[in-house]
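A.B. asks:
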Amino acid sequence: MARHETAEPKQAFRQRAATAWRGVGVGRTYLAKAIVWAALAVALLLGVGALLVGFGANGHNVLVSWVVSAANRIDGPFGDLFTFRDHVKQTLVNWVIAAVVYLTAGGILARLIRP
């Protein structure tokens, strides 16, 4: 048999390929949503931590100490981006910048991944 006799017609092949890629698009959509939610959670944690530090919450409280220590771990390279003599001001400025960068990067990454 000649090769062209057993080959699948182009239209049928394209339909099968489109069906296969439809499932990949759904997975990419879920991945993009997960990235946006993760960026939002990180930004929310940084924002709540900044509020707690800004209002002078009791650092010996379990919830306050957990939020502030988690925000300290998440702030990454933004922890000492700006240095001020006032520790509260330094924390507020750097964590707000970190939250904005995480939200922006998450949105851009999700936009690139989404089909």
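Per the working numbering: the sequence shown ends with 126, consecutive numbering throughout. Each residue gets a CB set at the ideal place from its N, CA and C atoms; glycine is no exception. Because the structure is a prediction, the values reported are computed rather than measured.
Cα separation between L92 and N105?
C.D. replies: Straight-line Cα distance between these residues: approximately 6 Å.
A.B. asks: N83: which of V73, N69 and A61 sits nearest, CA to CA?
C.D. replies: Taking only the C-alpha atoms, the option nearest N83 is A61.
A.B. asks: Cutting at 8 Å between CB atoms, please list the residues of its own chain near G70, excluding the five before and the five after it.
C.D. replies: Correct list, in chain order: S76 and V79.
A.B. asks: Determine the DSSP secondary structure at F95, reduced to helix, strand or coil.
C.D. replies: It is coil, neither helix nor strand.
A.B. asks: Is there contact here, the segment 35-46 with the segment 96-103, by at least three beta-carbon pairs under 8 Å?
C.D. replies: No, the segment 35-46 is not in contact with the segment 96-103.
A.B. asks: For a test of the three-state rule: what should DSSP assign to N69, helix, strand or coil?
C.D. replies: Here N69 sits in coil by DSSP.
A.B. asks: If you reduce the DSSP assignment to three classes, tell me which class P88 lands in.
C.D. replies: The answer is helix: DSSP assigns P88 an H, G or I state.
A.B. asks: Measure from the alpha carbon of I108 to the alpha carbon of each residue in G87, I124 and F24, then state which is nearest.
C.D. replies: Selected option, being the one with the closest Cα: G87.
A.B. asks: Among the residues of its own chain, which have a CB less than 7 Å from the CB of V53, if the five just before and after it don't count?
C.D. replies: I85 and Y113, listed in sequence order.
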